[in-house]
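Numbering (the working numbering), first residue to last: 1 to 155. Only one structure is covered here, and it is reproduced in the block below.
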Amino acid sequence: MKAFFYWLFSTYSTGKKLDFGLLLLRLFFALPLTIRHGWPTLFQWWKGEISYPDPLGLGENLTMLIMGSIEAFCATFVVLGLFTRISAFFVAAGFTVAVLVVHGTDTFAVKELAYMYMAGFWSVFFLGSGKYALDFLIFGKSQGKRLLKFQTDNA
């Protein structure tokens, strides 16, 4: 029981707990985005049903294709933990534009979902994928050694 309370009130996470938390963060944000927004947006674009905000002046067609691709492909990569940080960056940047520009004057109730996606993907961007990801299988521990060497060389 003492160990449970220590864990419950601990402010420090490492190892499997942290990696499992990062997996849940990736899954709970990226999977719904991919299924409910990304692929349906791309299918609508493919059918020619173009109806999308154009906050950057690129045209509805191109904006819908870009954001649909980001929401479908980049979010799928985040689910898999593949190229996680760069994928999360594109999604977070897209939703930052959605929150600040597209829904800038809307009430929080309207922009709440976009705000949640923005916060979740910025979190994934800064925290990384963890061990339960394809990034770790592909790049493995050597990535951590390179980062440590880079930090000590540039200190």
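Ideal Cβ positions, reconstructed from N, Cα and C, are used throughout, including at glycine. In this text, all values refer to a predicted model and were calculated from it rather than measured experimentally.
(message) Can you give me the C-alpha to C-alpha distance between ARG85 and PRO53, rounded to a whole angstrom?
(response) As a working mapping, residue 85 is identified with position 85 in the sequence shown. As a working mapping, residue 53 is identified with position 53 in the sequence shown. Spanning the two alpha carbons is a distance of roughly 26 Å.
(request) In angstroms with no decimal places, state the Cα-to-Cα distance between ASP60 and TYR6. (result) The residue you call residue 60 lines up with position 60 of the sequence shown. The residue you call residue 6 lines up with position 6 of the sequence shown. Here the sequence assigns Glu to residue 60, which means Asp is not the residue at that position. Looking at the two C-alpha atoms, the distance is approximately 53 Å.
(message) Helix, strand or coil, according to DSSP, for THR34 in the structure here?
(response) Your numbering for residue 34 matches position 34 in the sequence shown. DSSP places THR34 in helix when its eight states are reduced to three.
(message) In whole angstroms, give me the CA-to-CA distance for MET64 and THR41.
(response) Taking the sequence shown and counting its residues from 1, one reaches residue 64 at position 64. Taking the sequence shown and counting its residues from 1, one reaches residue 41 at position 41. Approximately 7 Å between the Cα atoms of the pair.
(request) Quick one: grab the DSSP three-state call for SER51. (result) Here residue 51 corresponds to residue number 51 of the sequence shown, with the count starting at 1. Of the three classes helix, strand and coil, the one that applies to SER51 here is coil, per DSSP.
(message) Just to check my reading of the structure: PRO55 and VAL101 have Cβ atoms closer than 8 Å, yes? What is that Cβ distance to the nearest angstrom?
(response) Locating residue 55 in the sequence shown gives position 55, counting from the first residue. Locating residue 101 in the sequence shown gives position 101, counting from the first residue. That pair is a contact at about 4 Å.
(request) Counting only the same chain and skipping the five closest in sequence on each side, list residues whose C-beta sits under 7 Å from that of ALA75. (result) The sequence position of residue 75 within the sequence shown is 75, counting from 1. For ALA75, where only same-chain residues beyond five positions count, the Cβ hits under 7 Å are ALA30, LEU33, THR34, GLY38 and VAL91.
(request) Note down, in chain order, each residue of its chain lying with its Cβ closer than 7 Å to the Cβ of TRP45, except the 5 sequence neighbours on either side. (result) In the sequence shown, counting from the first residue as 1, residue 45 sits at position 45. Around TRP45: MET64, LEU65 and GLY68.
(request) Tell me where the alpha helix (DSSP H) around TYR132 begins and ends. (result) Counting from 1 along the sequence shown, the entry for residue 132 is found at position 132. Run containing TYR132: none; DSSP gives neither H nor E here.
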